[in-house]
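Beneath this line is the structure, given in structure tokens, with notes to follow.
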Amino acid sequence: MKLVLAPLADFTNAAFRKIAHELGADLAYTEMVSAAALAHGSSPTRHLFEMLPGEGPVACQIFGHAPDDLAFAAHEATALKRFVALDFNAGCPMPRIRREGDGAALVPKPQLVHDLLVAIKRETDLPVTLKTRPGPSPDRVTLFELLDAAETAGCAGFTLHARFTSQMHGGAVHLDLLAELVRRAHIPVTGNGGVHDEATLKAMLETGVDAVMLGRAAITNPAIFAAFKGLPAPSRKELFLRHIEYLLDLQGQLSRNFPNDHVPQPDGFVSVALHRHLFHYFRGIPGAAEIRRRLNSIRTLAEPRALAESAW
Ligand SMILES: Cc1cc2nc3c(=O)[nH]c(=O)nc-3n(C[C@H](O)[C@H](O)[C@H](O)COP(=O)(O)O)c2cc1C
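The opening position of the sequence shown corresponds to residue 28 in this note's numbering, with each subsequent residue numbered one higher.
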């Protein structure tokens, strides 16, 4: 069983991917990288390309709607010689993304998706994959045209988040459509959406997918990879402290590699991650609300470490 960490903007930086890899994820994705921002020379966008030593295989995900921008992004990502695949995002439902014609704005436009994939493929020798949705809404399924677009463009894989764009990130996961996709596809299919326990994992595996992609369940509990694979997992306390160490490694690497960019100091860098992500490690333990309150006001790295010592 192949398990994949989903691309998750603001979460799947190198530090978190390394944690997921160590816990059994077979593949992880970068956060989505804006092709337009890269093409306009945004240096901070390149921070998303960073990998840490010791990470497992990483696919780079790009998004956009202009063939030239995507070709540029594909070229730049490939030149780094660190990614195992290049993924094209045609599924992000956030209004600010769709307004630009990116992400899920492409779900009703299989021909354009095809042309953009061709533009990407021309610039890379990496396997190119597509991540998308079954259609804009339940009354309009474009999935099989999107599959055709991916296959004729020469894609090496297809990931389906089996919820319609109109559902955003909630509601029913359409496993029937996923199973039909698997039947029709000539390329490997990765299934995604709502897998968070043994029962939801089993239901997705029954569709015949080649791999299962985990999103939010991995944010709240990265040890889910180990649990699904029957591997031993470190304690939450150990994971929390390890995550901080990897964030510090990433901060150091970014500061060295991008001396002209504003990379926050170690304390600031880790506190942003603490506010956004690391408090999940304390979920469900006694006093979690109070711990979260304290995490929101940390100023030095000694504080979360002390908190970990007192919480577990
Ligand atoms: C906070 C957040 C950030 C996300 N960022 C991305 C992204 O950068 N690229 C992408 O293709 N999907 C992104 N997604 C969608 C996930 O990759 C995944 O398709 C979705 O969460 C469904 O899987 P799940 O039910 O296991 O969470 C994001 C979802 C969330 C909740």
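Cβ coordinates follow ideal geometry from the N, Cα and C atoms, glycine included.
- Taking residue 47 as the centre and dropping the five residues before and after it, the same chain places the C-beta of 32, 55, 245, 249 and 252 closer than 7 Å to its C-beta, in chain order.
- Ranked by how close their Cα comes to the Cα of residue 216, the residues 223, 225 and 205 have 205 in first place.
- Separation of the CB atoms of residue 190 and residue 160 is rounded to 6 Å, and the pair is thereby assigned contact status at 8 Å.
- Between residue 38 and residue 59, the beta carbon gap of about 11 Å keeps them out of contact (Cβ cut-off 8 Å).
- Residue 29 is bridged by DSSP to 238.
- When C-alpha distances from residue 150 are compared across 325, 272 and 112, the shortest belongs to 112.
- Counting only unbroken stretches of 4 or more residues, the alpha helix (DSSP H) elements lying wholly within the region 169-201 are 170-180, in sequence order.
- Looking at 93, 301, 35 and 73, the one whose alpha-carbon comes closest to that of residue 120 is 35.
- Around residue 105, the same chain offers 113, 150, 151, 152 and 153 as residues with beta carbons nearer than 8 Å, after the five sequence neighbours per side are excluded.
- Residue 315 and residue 303 have their C-alpha atoms roughly 15 Å apart.
- With contacts defined by Cβ atoms closer than 8 Å, residue 308 and residue 263 form a contacting pair.
- Counting along the chain, the unbroken beta strand (DSSP E) around residue 216 starts and ends at 216-219.
- In this structure, DSSP gives residue 284 a helical state, which the three-state scheme calls helix.
- For residue 114, there is no enclosing alpha helix (DSSP H); the enclosing beta strand (DSSP E) covers residues 112-117.
- Less than 8 Å divides the Cβ of residue 234 from the Cβ of residue 209.
- Put simply, the region 211-228 does not touch the region 267-276. Fewer than three CB pairs are less than 8 Å apart.
- Counting the other CB atoms within 10 Å of its CB gives residue 318 a total of 16 or more, which places it among the buried residues.
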